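Numbering (the numbering used here), first residue to last: 30 to 425.
Even glycine gets a Cβ: it sits at the ideal position worked out from N, Cα and C.
Bear in mind the structure is a predicted one, so any value in this text is a computation, not a measurement.
Notes to accompany the following structure.
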């Protein structure tokens, strides 16, 4: 805004300089007026071009603006109060109001009004009416008030902007905390919580076998080994979760999702006894997947298999994965009872069933699309996950 004020001054000085030089007396007066024109114009141009650099200097030293006002007064007296230069005089109190506030506006408005009155007194038509003579001094006072008003508005706008930035920062922190809490809830639900639940079931079976009238040592040994394996698995999952929280994955270290998915499928089939097959599909191989993305994809597939085993009572589970039309597609299908008609994520969330909800949230976190339903099959449930290959190379 200050730069625009000096831009207006430059235009008015350029228009009024010829008139000021013509009205000046030949000799020393002309040279003084010429020097005043050059100094005033150059000072205004420097402040117009490099306000960020020289503005603080003018802010610290109001005497520089007073000196500039005196140079402009020489031009005003030489050109006369009826020239276009007279309207340049309103720029000084306007600038003072913006830069210095009420006190600066009052001082420079009064100084400029005195200069205008002196210029009118020195002019040939000094016998003008009081109303006409006080027009420009009154405009200077109004310009000073306008400058102060603009200053206050800008300061309030700056305070409002700072407050808004603070609120946005707090909201961003709150959202980040909420997202991290949701992620931890998904990790605990999909790993440690389920494994501990399996440990509890295995321990209950062990208690029943050990308390039977005719205890089978072989069965007790098998159940005890199952409890030990499940407990070790829960400990390993806990360590993996803690390590994941403390480290940042290297985005340049890719993961072969198909190999990992095949291994998890075999482990699931061995552990549950449910016939589960894995078959790679697609046109070509899958490129290496960043560890953070691979973790989400594999967890979704594992969760889909676990849900089928616990809730659907299937006879088999089919897992397929591959690239189709620039999409990495992972499909987990079971021939069980399927989802109840009309099931929604909101209903599952309210009922405390967070398995499907967590799968949807994980897919959204890596930019993948997930479909849960019957699909093209006559019965059962298919979880289909599709991730664009471009998302694997996009920088986050």
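With a threshold of 6 angstroms on Cβ separation, who are the neighbours of residue 406 within its own chain once the five nearest residues in sequence on each side are excluded? What you label residue 406 is simply residue 377 of the chain shown in a count that begins at 1. The beta carbon of residue 406 sits closer than 6 angstroms to none of the beta carbons in its chain outside the five residues before and after it.
Do residue 134 and residue 148 have their beta-carbon atoms positioned less than 8 angstroms apart in this structure? What you label residue 148 is simply residue 119 of the chain shown in a count that begins at 1. What you label residue 134 is simply residue 105 of the chain shown in a count that begins at 1. Pairing residue 148 with residue 134 gives a Cβ-Cβ distance that is not under 8 angstroms.
Pairwise C-alpha distance: residue 141 and residue 48: Reading the chain shown from its first residue, position 19 is the one you call residue 48. Reading the chain shown from its first residue, position 112 is the one you call residue 141. Looking at the two C-alpha atoms, the distance is approximately 20 angstroms.
Mark residue 38 as exposed unless 16 or more other C-beta atoms lie within 10 angstroms of its C-beta, in which case mark it buried. Counting from one through the chain shown, the residue named residue 38 turns up at place 9. Residue 38 is buried by the Cβ-count criterion.
Is the beta carbon of residue 100 less than 8 angstroms from the beta carbon of residue 65? As a working note, residue 100 is residue 71 in the chain shown. As a working note, residue 65 is residue 36 in the chain shown. By the CB criterion at 8 angstroms, residue 100 and residue 65 fall inside the cutoff.
Residue 402 - DSSP class collapsed to helix/strand/coil: Start at 1 with the first residue of the chain shown, and residue 402 comes out as number 373. In the three-state DSSP reduction, residue 402 falls in the strand class (E or B).
Residue 350 (DSSP reduced to helix, strand or coil): Locating residue 350 in the chain shown gives position 321, counting from the first residue. In the structure shown, residue 350 falls within a strand segment according to DSSP collapsed to helix, strand and coil.
If I measure Cβ to Cβ from residue 249 and keep anything under 8 angstroms in the same chain, skipping five residues before and after, which residues do I get? Here residue 249 refers to the residue found at position 220 of the chain shown. Leaving aside the five residues that flank residue 249 on each side, the residues in its chain whose CB is nearer than 8 angstroms to its CB run, in chain order, 235, 238, 239.
Look up residue 311 in the DSSP assignment and say whether it is helix, strand or coil. On the chain shown, position 282 is the one that residue 311 refers to. Secondary structure at residue 311: strand, using DSSP grouped into helix, strand and coil.
Using 8 angstroms as the cut-off, can you tell me whether the segment 313 to 321 makes contact with the segment 337 to 346, which would need three or more C-beta pairs spanning the two stretches below that distance? Here the segment 313 to 321 makes no contact with the segment 337 to 346; the two share fewer than three CB pairs at distances below 8 angstroms.
Quick one, are the C-beta atoms of residue 335 and residue 388 less than 8 angstroms apart? As a first step, residue 335 is located in the chain shown; it is residue number 306 there, counting from the start. As a first step, residue 388 is located in the chain shown; it is residue number 359 there, counting from the start. Going by C-beta atoms, residue 335 is not nearer than 8 angstroms to residue 388.
Let me check one thing: in DSSP terms, what residues is residue 360 bridge-paired to? Along the chain shown, one-based indexing puts residue 360 at 331. Answer is 349, 413.
Which same chain residues, not among the five before or five after residue 378, have their C-beta less than 8 angstroms away from its C-beta? Residue numbering aside, residue 378 sits at position 349 when the chain shown is read from its first letter. The beta carbon of residue 378 sits closer than 8 angstroms to those of 386, all from its chain and outside the five residues before and after it, given in chain order.
Let's test the definition: count the other Cβ atoms within 10 Å of the Cβ of residue 390 and tell me whether it reaches 16, buried, or not, exposed. Stepping through the chain shown from its first residue, residue 390 is reached at position 361. By the 10 Å Cβ count, residue 390 comes out buried.
With a 10 Å radius around its C-beta and 16 neighbouring C-beta atoms as the bar for buried, classify residue 71 as buried or exposed. On the chain shown, position 42 is the one that residue 71 refers to. Classification of residue 71: exposed, given that the 10 Å Cβ count is below 16.
CA nearest to the CA of residue 411, picked from 190, 359, 233: What you label residue 411 is simply residue 382 of the chain shown in a count that begins at 1. Ranked by Cα distance from residue 411, the first of 190, 359, 233 is 359.
How many Å lie between residue 261 and residue 190 at the Cα? By 1-based counting over the chain shown, the position of residue 261 is 232. By 1-based counting over the chain shown, the position of residue 190 is 161. So the alpha carbons of these two residues sit roughly 54 angstroms apart.
CA nearest to the CA of residue 306, picked from 292, 312, 75, 313: Numbered from its first residue, the chain shown carries residue 306 at position 277. Scanning 292, 312, 75, 313 for the CA closest to the CA of residue 306 turns up 292.
Kindly indicate which residue of 243, 285, 89 has the alpha-carbon position closest to the one of residue 324. Working through the chain shown from its first residue, we reach residue 324 at position 295. With distances taken between CA atoms, residue 324 lies nearest to 285 out of 243, 285, 89.
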